[in-house]
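Novice:
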DNA sequence: CGGATTAATTGACTTAAGTCAAATAATCCG
DNA sequence: CGGATTATTTGACTTAAGTCAATTAATCCG
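Protein chains in written order, with the working numbering: chain A, 319 to 543; chain B, 319 to 543.
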């Protein structure tokens with residue numbers, strides 16, 4: 319069921335983003351509080367979905383189509399308009415852009431989470447981001463136009479879209495917070511603490527650029543652990 | 319008129335965020351393209367507001383109340399729940415949090431733009447951010463609960479909220495992009511190119527932490543210009 | 001399997017930016 | 001005004017992280 323997955327994905331995600339980095343308390347008022355708050359927000363989304371009327375729930379359900387991509391395949395290329403959103407069912411996807419010939423990973427997307435080039439999707443205009451399958455993946459593809467239309471007919475879908483966009487904005491705020499307050503080691507520790515499977519499945523090059531550090535620095539950070 | 323201001327604020331903001339930093343082309347496909355795209359998005363918001371039915375437009379209009387703050391006053395303190403959003407009518411407001419005893423400015427808000435502690439507002443839970451008047455300011459205050467209620471009755475307000483939240487998320491993505499691809503000098507140049515009045519009105523300490531650099535580094539960057 | 005390509009580590013050196021401390025400059029207010 | 005507080009600059013030094021280059025490890029596929 320689409321929505322259940324979205325929600326569980328969000329739960330995982332929150333646990334990934336906020337936490338205690340070996341003695342390093344993130345939210346001023348403490349990690350535990352932050353977790354509770356964010357969970358509360360997820361509950362809000364869960365509740366919201368569960369309270370949807372049958373018809374709206376059904377429309378949401380039928381908005382997406384399953385699709386498979388092989389490792390290395392591109393779901394979206396730089397310069398393309400992002401006309402689909404991809405709910406990852408299995409496997410790993412990443413978003414990245416090129417800068418000075420280097421790939422800068424902006425997001426690592428695991429099962430249950432949604433992959434979309436946000437600005438390109440909102441603007442329906444060519445963007446700089448690539449979306450690529452890091453492993454073989456299965457995704458639930460939702461078309462932009464279809465969802466837009468559905469939102470017009472079923473206003474609650476707009477409210478749901480808003481909740482999820484708010485969540486994404488909070489995720490971005492958190493990422494920014496990490497960049498402004500944590501060094502390479504702390505950022506890496508936080509990542510592996512919350513997404514331990516990242517290490518087995520994602521090349522360190524991707525992880526390094528995701529953390530905003532060089533591959534060599536990441537390697538050295540890992541060495542002393 | 320509230321909405322007009324929101325829109326013109328957004329326009330300014332976009333011109334602030336994306337641009338050519340003395341020979342440094344930001345969007346891969348070029349600054350001009352990015353500007354056009356973001357403007358198009360603003361047009362979308364403008365259009366949306368202009369097409370609102372009388373009743374909805376009226377409700378939106380009557381959601382807010384004028385208020386004045388003196389320089390240094392706090393609109394919100396760390397640990398408080400952000401129950402209001404503040405549309406700045408005149409003056410400058412900033413958002414910041416404390417980290418290791420230092421103030422980290424997260425946003426500088428000018429006339430026409432909205433000041434809100436986003437996560438605290440969405441979660442309706444205590445947050446880490448302070449919102450403070452950098453100069454004497456007049457703001458249009460909108461209550462969270464009132465706006466929530468209005469959205470329930472007038473679905474188009476939800477759609478408007480979504481558009482603005484999408485805009486904020488894109489703003490955050492852009493800020494993240496700047497942190498990952500630009501050095502101190504480039505970030506400073508971009509800021510003053512787009513917000514030249516910042517220099518006259520905002521203490522360099524605030525600007526430095528907003529750019530994610532130390533006051534001394536900012537001073538040195540400014541010296542060689 | 002085993003050579004070849006790709007990924008990761010390690011070493012040596014550079015550099016952007018941070019820190020600490022002191023000196024100016026600006027502004028505020030009695 | 002003029003002293004006091006606050007803001008900014010400048011200097012000297014440190015440091016986290018980057019770069020370049022070489023090596024080792026892993027994995028891919030014929």
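Backbone N, C-alpha and C fix where the C-beta goes; we use that ideal spot for every residue, glycine too.
With 8 Å as the threshold, decide whether the Cβ of residue 476 of chain A is near any Cβ in chain B.
Specialist: Output row for residue 476 of chain A: interface = yes.
Novice: What is the residue span of the alpha helix (DSSP H) that residue 434 of chain B lies within?
Specialist: It is not in any alpha helix (DSSP H) - residue 434 of chain B carries neither H nor E in the DSSP assignment.
Novice: Can you tell me whether residue 392 of chain B is helix, strand or coil according to DSSP?
Specialist: In the structure shown, residue 392 of chain B sits in a strand (DSSP, three-state: E or B).
Novice: May I ask you to report which of helix, strand or coil DSSP gives residue 401 of chain A?
Specialist: DSSP places residue 401 of chain A in coil when its eight states are reduced to three.
Novice: Grouping DSSP H, G and I as helix and E and B as strand, with all else coil, what is residue 467 of chain B?
Specialist: Here residue 467 of chain B sits in helix by DSSP.
Novice: Does the beta-carbon of residue 413 of chain B have 16 or more other beta-carbons within 10 angstroms, so that it is buried, or is it exposed?
Specialist: Its Cβ being crowded by 16 or more others within 10 Å, residue 413 of chain B is buried.
Novice: Between the C-alpha atoms of residue 370 of chain B and residue 445 of chain B, what's the straight-line distance to the nearest angstrom?
Specialist: Distance between the alpha carbons of residue 370 of chain B and residue 445 of chain B is about 33 Å.
Novice: Closer than 7 Å, Cβ to any Cβ of chain A: which residues of the segment 485–503 of chain B, in chain order?
Specialist: Going along the segment 485–503 of chain B in chain order, one finds 486, 487, 488, 490, 491, 493, 494, 497, 498, 499 with a Cβ nearer than 7 Å to chain A.
Novice: What span of residues does the alpha helix (DSSP H) with residue 484 of chain B cover, start to end?
Specialist: Its alpha helix (DSSP H) spans residues 473–499.
Novice: Helix, strand or coil: which one does DSSP assign to residue 538 of chain B?
Specialist: Looking at residue 538 of chain B - three-state DSSP - the assignment turns out to be helix.
Novice: Could you tell me whether the Cβ of residue 436 of chain B comes closer than 8 Å to any Cβ of chain A?
Specialist: Cβ-Cβ to chain A under 8 Å: yes for residue 436 of chain B.
Novice: My assumption, with CB atoms under 8 Å, is that residue 394 of chain A sits in contact with residue 387 of chain A. Please give the rounded CB distance.
Specialist: The Cβ separation is near 11 Å, so there is no contact.
Novice: By the criterion of Cβ-Cβ separation under 7 Å, what are the contact partners of residue 479 of chain B in chain A?
Specialist: The contacting residues are 480.
Novice: Taking the straight line between their C-alpha atoms, what separation do you get for residue 451 of chain B and residue 428 of chain A?
Specialist: So the alpha carbons of these two residues sit roughly 41 Å apart.
Novice: What residues from the segment 373–404 of chain B come within 9 Å of chain A, judged by C-beta to C-beta, listed N to C?
Specialist: Taking 9 Å as the Cβ-Cβ cut-off against chain A, the residues of the segment 373–404 of chain B that qualify are 396, 397.
Novice: With contact counted as at least three CB pairs below 8 Å, one residue from each stretch, are the segment 480–495 of chain A and the segment 485–495 of chain B in contact?
Specialist: Yes: the two stretches touch, three or more of their Cβ pairs being nearer than 8 Å.
Novice: Where does residue 376 of chain A land, buried or exposed, given buried means 16+ other C-beta within 10 angstroms?
Specialist: Answer is exposed; the Cβ neighbour count stays below 16.
Novice: At a cut-off of 7 Å, is residue 492 of chain B close to the ligand ZN when judged by its beta-carbon and the heavy atoms of the ligand?
Specialist: Absent from the structure shown: the ligand ZN. Ligands present: none.
Novice: In chain order, what residues of the segment 414–430 of chain B put their CB closer than 9 Å to some CB of chain A?
Specialist: Result list: 415, 416, 417, 418, 422, 424.
Novice: Residues of the segment 521–534 of chain B with a CB closer than 7 Å to any CB of chain A: list them in chain order, please.
Specialist: Listed by position along the chain: 530.
Novice: According to DSSP, residue 443 of chain B sits in a beta bridge with which residue or residues?
Specialist: According to DSSP, residue 443 of chain B bridges with nothing at all.
Novice: Of the choices B:528, B:505, B:465, B:442, whose alpha-carbon is the least far from that of residue 420 of chain B?
Specialist: When only C-alpha atoms are compared, the closest one is B:528.
Novice: Since residue 422 of chain A sits in a beta bridge, which residues does DSSP pair it with?
Specialist: Looking at the DSSP assignment, residue 422 of chain A forms a beta bridge with A:415.
Novice: Mind pulling the chain A residues with CB within less than 8 Å of residue 358 of chain B?
Specialist: In chain order: 441, 443.
Novice: How far does the alpha helix (DSSP H) with residue 520 of chain B in it reach, from first residue to last?
Specialist: Run containing residue 520 of chain B: none; DSSP gives neither H nor E here.
Novice: 8 Å is my cut-off, CB to CB: does residue 456 of chain A come that close to chain B?
Specialist: Chain B, which has no Cβ nearer than 8 Å to the Cβ of residue 456 of chain A, makes this no.
Novice: Is the shortest distance between the beta-carbon of residue 483 of chain B and the beta-carbons of chain A less than 8 Å?
Specialist: At least one chain A Cβ lies under 8 Å of residue 483 of chain B.
Novice: When DSSP labels each residue in this structure, what does residue 383 of chain A get in the three-state scheme?
Specialist: Of the three classes helix, strand and coil, the one that applies to residue 383 of chain A here is strand, per DSSP.
Novice: Suppose you measure from the CA of residue 537 of chain B to the CA of residue 494 of chain A; what does that come to, to the nearest Å?
Specialist: One C-alpha to the other measures close to 23 Å.
Novice: By a C-beta neighbour count over all protein chains shown, 10 Å radius and 16 as the cutoff for buried, is residue 433 of chain B buried or exposed?
Specialist: Classification of residue 433 of chain B: buried, given that the 10 Å Cβ count is 16 or more.
Novice: Tell me whether the segment 378–386 of chain A and the segment 456–465 of chain A touch, counting them as touching only if at least three CB pairs, one residue from each stretch, are closer than 8 Å.
Specialist: With the cut-off at 8 Å, the segment 378–386 of chain A and the segment 456–465 of chain A touch.
Novice: I need the DSSP call for residue 461 of chain B, collapsed to helix, strand or coil.
Specialist: DSSP places residue 461 of chain B in strand when its eight states are reduced to three.
Novice: For residue 397 of chain B, is the classification buried or exposed, using 16 other Cβ atoms within 10 angstroms of its Cβ as the cut-off for buried?
Specialist: Result: exposed.
Novice: Residue 514 of chain A versus chain B: which residues are under 9 Å apart at the beta carbon?
Specialist: Within chain B, no residue comes near residue 514 of chain A; the closest Cβ sits about 24 Å away, beyond 9 Å.
Novice: Alpha carbon to alpha carbon, how far is residue 514 of chain B from residue 471 of chain B?
Specialist: Each residue's alpha carbon lies about 41 Å from the other.
Novice: Does DSSP put residue 408 of chain B in a helix, in a strand, or in coil?
Specialist: Looking at residue 408 of chain B - three-state DSSP - the assignment turns out to be strand.
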